Amino acid sequence: MNLTLHVWRQANAAAPGRMERYDARNVSEDMSFLEMLDVVNEQLIAESKEPIAFEHDCREGICGSCGFMVNGVAHGPQRGTTVCQLHMRHFKDGEELYLEPWRATAFPVLKDLVVDRGALDRIIAAGGYVSVRTGSAPDGNAISVPKEAADISMDAAACIGCGACVAACPNAAAALFTGAKISHLGTLPQGQAERSRRALRMVEQLSLEDFGACTNIGECEAACPKQIPIEMIARMNHDHLKAAWQTRGARKSGGGE
Amino acid sequence: MSTAALAPPNSARSLFSSVIVKKAIMAATGAALYLFVTVHLLGNLQVFLGPEAINTYAAKLKSIPEILWGARLGLLTLVGLHILTTIQLMKINSKARPVAYAKKANSASTAASRTMYLSGPTIAAFIVYHLLHLTVGSAHPQFSETDVYSNIVFGFRVWWVSAAYLVAMALLCTHLSHGVQSMFQSLGFNHPKHTPRIKKFAHAVGLIYFAGFASMPLAALSGFLPPFFERL
Amino acid sequence: MKLDSRIPSGPIEQAWDQARFDMKLVNPANKRKFNVIVVGSGLAGGSAAASLGELGYNVKCFCFQDSPRRAHSIAAQGGINAAKNYQNDGDSIYRLFYDTVKGGDFRAREYNVYRLAQNSVNIIDQCVAQGVPFAREYGGALANRSFGGAQVSRTFYARGQTGQQLLLGAYQALEAQVDAGSVKMYTRTEMLDLVIINGKARGIITRNLVTGQIESHAADAVILATGGYGNVFYLSTNAKGSNCTAIWRAHKRGAAFANPCFTQIHPTCIPVSGDYQSKLTLMSESLRNDGRIWVPLKGGDKRSPSQIPENERDYYLERRYPSFGNLVPRDVASRAAKAVCDEGRGVGETGLGVYLDFADSIKRLGKNAIEERYGNLFEMYNRITGEDPYTQPMRIYPAIHYTMGGLWVDYQLMSTIPGMFVLGEANFSDHGANRLGASALMQGLSDGYFVIPYTLGNYLASNKLEKVDTSAPEFAATTKEVNDTIARMLSIKGKRTVSSYHRELGKIMWDNCGMGRNAEGLTKAIQQIQALRQEYWQNVNVPGSGADLNQQLENAGRVADFLELGELMCRDALARNESCGGHFREEYQTEEGEAMRDDENFQYAAAWEYGGENAEPILNKEPLEFKYVHPAQRSYK
Ligand SMILES: Cc1cc2nc3c(=O)[nH]c(=O)nc-3n(C[C@H](O)[C@H](O)[C@H](O)COP(=O)(O)OP(=O)(O)OC[C@H]3O[C@@H](n4cnc5c(N)ncnc54)[C@H](O)[C@@H]3O)c2cc1C
Ligand code: HEM
Ligand code: SF4
Ligand code: FES
Chain C
1 MNLTLHVWRQ ANAAAPGRME RYDARNVSED MSFLEMLDVV NEQLIAESKE
51 PIAFEHDCRE GICGSCGFMV NGVAHGPQRG TTVCQLHMRH FKDGEELYLE
101 PWRATAFPVL KDLVVDRGAL DRIIAAGGYV SVRTGSAPDG NAISVPKEAA
151 DISMDAAACI GCGACVAACP NAAAALFTGA KISHLGTLPQ GQAERSRRAL
201 RMVEQLSLED FGACTNIGEC EAACPKQIPI EMIARMNHDH LKAAWQTRGA
251 RKSGGGE
Chain L
1001 MSTAALAPPN SARSLFSSVI VKKAIMAATG AALYLFVTVH LLGNLQVFLG
1051 PEAINTYAAK LKSIPEILWG ARLGLLTLVG LHILTTIQLM KINSKARPVA
1101 YAKKANSAST AASRTMYLSG PTIAAFIVYH LLHLTVGSAH PQFSETDVYS
1151 NIVFGFRVWW VSAAYLVAMA LLCTHLSHGV QSMFQSLGFN HPKHTPRIKK
1201 FAHAVGLIYF AGFASMPLAA LSGFLPPFFE RL
Chain S
2001 MKLDSRIPSG PIEQAWDQAR FDMKLVNPAN KRKFNVIVVG SGLAGGSAAA
2051 SLGELGYNVK CFCFQDSPRR AHSIAAQGGI NAAKNYQNDG DSIYRLFYDT
2101 VKGGDFRARE YNVYRLAQNS VNIIDQCVAQ GVPFAREYGG ALANRSFGGA
2151 QVSRTFYARG QTGQQLLLGA YQALEAQVDA GSVKMYTRTE MLDLVIINGK
2201 ARGIITRNLV TGQIESHAAD AVILATGGYG NVFYLSTNAK GSNCTAIWRA
2251 HKRGAAFANP CFTQIHPTCI PVSGDYQSKL TLMSESLRND GRIWVPLKGG
2301 DKRSPSQIPE NERDYYLERR YPSFGNLVPR DVASRAAKAV CDEGRGVGET
2351 GLGVYLDFAD SIKRLGKNAI EERYGNLFEM YNRITGEDPY TQPMRIYPAI
2401 HYTMGGLWVD YQLMSTIPGM FVLGEANFSD HGANRLGASA LMQGLSDGYF
2451 VIPYTLGNYL ASNKLEKVDT SAPEFAATTK EVNDTIARML SIKGKRTVSS
2501 YHRELGKIMW DNCGMGRNAE GLTKAIQQIQ ALRQEYWQNV NVPGSGADLN
2551 QQLENAGRVA DFLELGELMC RDALARNESC GGHFREEYQT EEGEAMRDDE
2601 NFQYAAAWEY GGENAEPILN KEPLEFKYVH PAQRSYK
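Chains as they are written, first to last, in the numbering used here: chain C, 1 to 257; chain L, 1001 to 1232; chain S, 2001 to 2637.
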């Protein structure tokens, strides 16, 4: 099949960008979307043009490197699928595709379809962990975790940190990403000690990074390649509100951390 | 930007600077306003019981100024807080995506949910008009301090007034059809079984309340609500 | 070159305890004064950086991805082994040790492996405490599954995303240290060279992949945890970015490269479908627990699988290896698949594939049980092939998956360059000639959490390290070399793209240094690679400049290194006149086609020393001793 691509090209973070048109010829159905772009790039190089920069690594839908908008949908049209796992059999001959980078103040474009998602790391650094000194842990089975809790936790932990939820959200909120981590750790017994602190600090970091505020409309859930449900956002809201309430007077009474 | 190497965010100021707390305030005030709307709707529907019923109801409300002014002040505060948080979140969100997509498709959101920031302010404008029209009366040519029934009937006989009410009510009800489900989520409640039910309930609220509110101007326009004495 | 493996003496059970006791300690107040570089943020690097930061060292951690969480460890699916014996099925530290030495076909160091088995137990505890959501039984206890090459259930897993969850645990610990200020993370930064001062590793040269800036970083010790080099084959299950650059450049600076030809071929991958194919996708080995592998009895049988009756199917693994059946180790399963395909009985359009059939399991356990176990893998298979494995058997074929070889390290994980340590898949240490499933994650975390925190301290405390900063002339000299190489690559502007060379190299390697190897093919391959390398430096086209984000340039450097490493692999394979583990020399096989080891002549680790540009590398041998597990022909019959 043959396709027409409109791709956002931008030389670097400071340069202005624009959409440019390319032809993708003789695309095979069995190709992945990124393999299709590989072929386009080989062609561009042969024509002494700059290949299109896009991020990728595992190409198995697990590392979270890849991701851009395909016709206004994060990771493209197939639900629950990263763009590296999206195959060309889902497109029709002659289709026109618009490829754009994730857009958010918190995700500056570095080049073409590549954005800087460092903000997501900083959200984790703000509290998305359980503090445990190496070697000091009790026996694995000393902490019993009901299967149900382990399952919910795993559902949340499946997040690959791709940023599609931010890209799809009209407010560029990172609520699903943050909610997923807060839920992953908050549903496990191991995560209880730092549950309040985590919910307070991670949410505060969201604002420091200029992410928007959630309006509960569910675009994130639809775009998420791991189908993380927005229930995880409610869990974050719950934990955060509870923590905010519990610590409301803490500073007045001289309490710090 | 480095992570918040600040003190733990637990002072009163940072409590309210949290977007989630703001959203919770929005939800709590929204819920209270939603209750008010419910009571208001039921009260107003008494117009169909005839002038006596609704006028007595209105007189009773006005007879205890403490309650009346308490309620008015309370409502004003609620609306004020609801609007304040709206403005604050709007500011945050307008900064969050500086460059729009050339192409953007919506996959899950509803029109109601995407237009909360339009329906809300329109309702605010409407509330001002509504107060001038049926509470203060300065926007009502035939306003009577005591005859609420006639205020309604004559007010709605002007077609463009009815039209304005209908539009505003449609927006209020779309606002509620998302708002009523959204507030649970904002307050941290989401349940695999109950949430889908709440969603259905919220949509039903939107439709039913619209039917209730719209019935009054439509009835007045169509002549179904008779004027009980002609003041002209 | 002298190889001092620093293996402790004394009984193996107490060796690690004793070694730890004998090690020197760094005074807590002094740790902060030591700068440590960790290159790599996978399971090995991430866990090392987090633990060292927590101990108080001043750590800089590097990765080329945009976040440490994306290191290739994230892709591991199946699980991680640990000798917990939670299933009460007869497991023990000794048994895990035994299985690993035997699985490695007697080409690993016993003392290293024993320590690995000991640490395995602590790893699970550590990860559970971090919040890794391992699968649980209804009673709340940890669940296990069994994995190829073992007869006990000792594999811990988190759905089909074990590597992801373990890495997130390490990543979160790492980010906590970043927040605490003890680790500084450099993402999108690639190490391009090692700086040696007075014979010791004292820093690295990196390229900022966004700005193109070449930067110097000085330290008291350098830890490489940069993963495996399976991408020398172009098509492999590794992530596209996985590369050998860090270890290869360190090799050229004096680190011995051990057993480069020991590569693992994974039997269950989705077969290749076209020339544009950019990578191969692994279907977790755990699938072999419930799937049965077969091909048609007759060659050229083109009927659809459902039309082939039972008695015309050959369940060749169950037939040839009745006691292990479909769970034979990877090398055995892979070669068996190749053998049936070579006989013309392969399935699918290319004839390079065998069936992995779940029909029986679905009948026995129900579709739900299978979905619960493998749902995400089935989905992935469906996404890629468009076929539904619930109703028709999967097609699978072996693919390059893991590299047992790597930089030579001693018992303390130090390379032949003092002050440079190597962890995880990047070193050669624990798996011998073949790695058992679910053991790489274990090794990476053992190295990072439980070995390096001791051995690094020992090095720092027992060496007098003079103060060094990036103004030392060695930094300028190495920087110049790095800049020259980049400039040279960019100036060629020839006719062929970088990936066309990579593809060609991959084909040479797969054909001659893949599942089956022989002297003739290897000799030819060495010549072909040399010629290809020569052409590369005259005719490659690397577009753009070095001053910004340039993915072609990044790749060009990696492919240039693969073009050198590939040759060394072939030389190593040629020098090892035996078959063992993943290294199968066609000349050395039994009559039934099983591998024939030669313990008399080849019971050693081959540690290759860089000979210089266009000079032959030098082979050093570290003899291996087996005091506990006596070498025997592996048998899985
Ligand atoms: C598909 C797949 C499935 C697997 N499944 C399993 C399994 O079920 N069980 C099991 O035990 N093992 C499994 N393995 C093997 C296992 O995942 C790896 O061996 C292991 O994760 C390697 O970890 P590592 O920390 O050594 O390296 P990696 O995780 O590869 O990390 C390498 C790090 O080094 C960085 N890096 C590399 N080069 C440079 C450079 N030049 N400059 C700066 N940074 C650099 C990278 O950015 C990265 O952070 C699997 C492997 C694959 C491919
Ligand atoms: C009678 C009047 C009103 C009622 C009953 C009402 C009700 C609600 C409810 C129940 C919510 C849900 C809260 C949540 O999402 O957590 C809500 C949200 C909201 N309201 Fe109102 N509201 C009213 C008037 C207004 C006005 C006057 C404005 C604006 C000026 C406004 C703007 C908003 C906005 C912006 C939201 C947030 C939507 C979102 O985040 O999805 N509302 N409202
Ligand atoms: S929540 Fe989903 S969309 Fe968002 S970062 Fe995680 S995996 Fe990506
Ligand atoms: S490239 Fe790893 S998720 Fe797409």
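A virtual CB, placed ideally from N, CA and C, is assigned to each residue, including glycine.
Source: prediction; values computed, not measured.
For residue i and residue j, I'd like the C-alpha separation in whole angstroms.
i, j, result
"asparagine 2119 of chain S", "glycine 2457 of chain S", "18 Å"
"proline 1227 of chain L", "leucine 1221 of chain L", "11 Å"
"glycine 2140 of chain S", "glycine 2299 of chain S", "50 Å"
"tyrosine 2234 of chain S", "lysine 2279 of chain S", "8 Å"
"leucine 3 of chain C", "glutamate 35 of chain C", "14 Å"
"leucine 37 of chain C", "isoleucine 52 of chain C", "8 Å"
"leucine 120 of chain C", "glycine 161 of chain C", "7 Å"
"arginine 79 of chain C", "valine 2629 of chain S", "51 Å"
"glutamine 1185 of chain L", "phenylalanine 1210 of chain L", "23 Å"
"valine 2451 of chain S", "valine 2101 of chain S", "19 Å"
"proline 108 of chain C", "tryptophan 2408 of chain S", "42 Å"
"glutamine 1200 of chain L", "glutamate 1066 of chain L", "It is worth fixing the name first, because residue 1200 of chain L is lysine in this sequence and not glutamine. Straight-line Cα distance between these residues: approximately 38 Å."
"alanine 2438 of chain S", "serine 2286 of chain S", "10 Å"
So what's residue i in DSSP terms, helix, strand or just coil?
i, result
"glutamate 2604 of chain S", "It should be pointed out that residue 2604 of chain S corresponds to tyrosine in this sequence rather than to glutamate. Note: tyrosine 2604 of chain S maps to strand in three-state DSSP."
"glycine 2678 of chain S", "The question about residue 2678 of chain S has no answer, for chain S in this structure spans 2001 to 2637."
"proline 2267 of chain S", "strand"
"histidine 2583 of chain S", "strand"
"glutamine 2633 of chain S", "coil"
"proline 1009 of chain L", "Confidence at proline 1009 of chain L is low in this model, with a pLDDT of 44, below 50, so its placement is unreliable and the value that follows should be read with caution. Proline 1009 of chain L: coil per DSSP, three-state reduction."
"glutamine 2118 of chain S", "helix"
"arginine 2292 of chain S", "strand"
"alanine 13 of chain C", "coil"
"methionine 202 of chain C", "helix"
"lysine 2184 of chain S", "strand"
"cysteine 165 of chain C", "helix"
"leucine 1081 of chain L", "helix"
So the alpha helix (DSSP H) residue i belongs to, where does it begin and stop?
i, result
"lysine 2200 of chain S", "Here lysine 2200 of chain S belongs to no alpha helix (DSSP H); instead the beta strand (DSSP E) covers 2200 to 2208."
"arginine 1197 of chain L", "1194 to 1222"
"glycine 10 of chain C", "Strictly speaking, residue 10 of chain C in this sequence is glutamine, with glycine absent from that position. Note, glutamine 10 of chain C: premise wrong, no alpha helix (DSSP H); beta strand (DSSP E) at 3 to 10."
"leucine 986 of chain L", "Past the edges of chain L, shown from 1001 to 1232, lies residue 986 of chain L, and the structure says nothing about it."
"isoleucine 2223 of chain S", "That residue, isoleucine 2223 of chain S, is in no alpha helix (DSSP H); its beta strand (DSSP E) goes 2221 to 2224."
"lysine 1062 of chain L", "1051 to 1063"
"threonine 187 of chain C", "Taken as a continuous stretch (DSSP letters only), threonine 187 of chain C belongs to no alpha helix (DSSP H), as it is neither H nor E."
Could you give the residue range of the beta strand (DSSP E) that holds residue i?
i, result
"leucine 24 of chain C", "At residue 24 of chain C the sequence reads alanine, which differs from the leucine that was named. It spans 17 to 24 - the beta strand (DSSP E) in which alanine 24 of chain C sits, taken as one unbroken run."
"asparagine 2259 of chain S", "Taken as a continuous stretch (DSSP letters only), asparagine 2259 of chain S belongs to no beta strand (DSSP E), as it is neither H nor E."
"lysine 2507 of chain S", "Lysine 2507 of chain S -> not in any beta strand (DSSP E); alpha helix (DSSP H) instead, spanning 2498 to 2513."
"histidine 2217 of chain S", "2214 to 2218"
"phenylalanine 2062 of chain S", "2058 to 2062"
"glutamate 100 of chain C", "96 to 100"
Segment contact, 8 Å Cβ cut-off, at least three pairs: the region 2465 to 2479 of chain S with the region 2066 to 2074 of chain S
No contact exists between the region 2465 to 2479 of chain S and the region 2066 to 2074 of chain S.
query = Enumerated in chain order, which unbroken segments of the beta strand (DSSP E) with a length of 3 residues or greater are wholly contained in the region 2356 to 2443 of chain S?
reply = List check, beta strand (DSSP E) in window: 2394 to 2403, 2420 to 2422.
Does the pairing of the region 97 to 105 of chain C with the region 40 to 51 of chain C give three or more beta-carbon distances under 8 Å?
-> In short, these stretches do not touch, since the Cβ pair count stays below three.
Could you check whether the region 2417 to 2428 of chain S touches the region 2550 to 2569 of chain S, counting it as contact only if at least three pairs of C-beta atoms, one from each stretch, sit closer than 8 Å? The region 2417 to 2428 of chain S is not in contact with the region 2550 to 2569 of chain S.
Under 8 Å, with one C-beta from each stretch per pair, do the region 2276 to 2296 of chain S and the region 2340 to 2354 of chain S reach the 3-pair mark?
The region 2276 to 2296 of chain S vs the region 2340 to 2354 of chain S: in contact.
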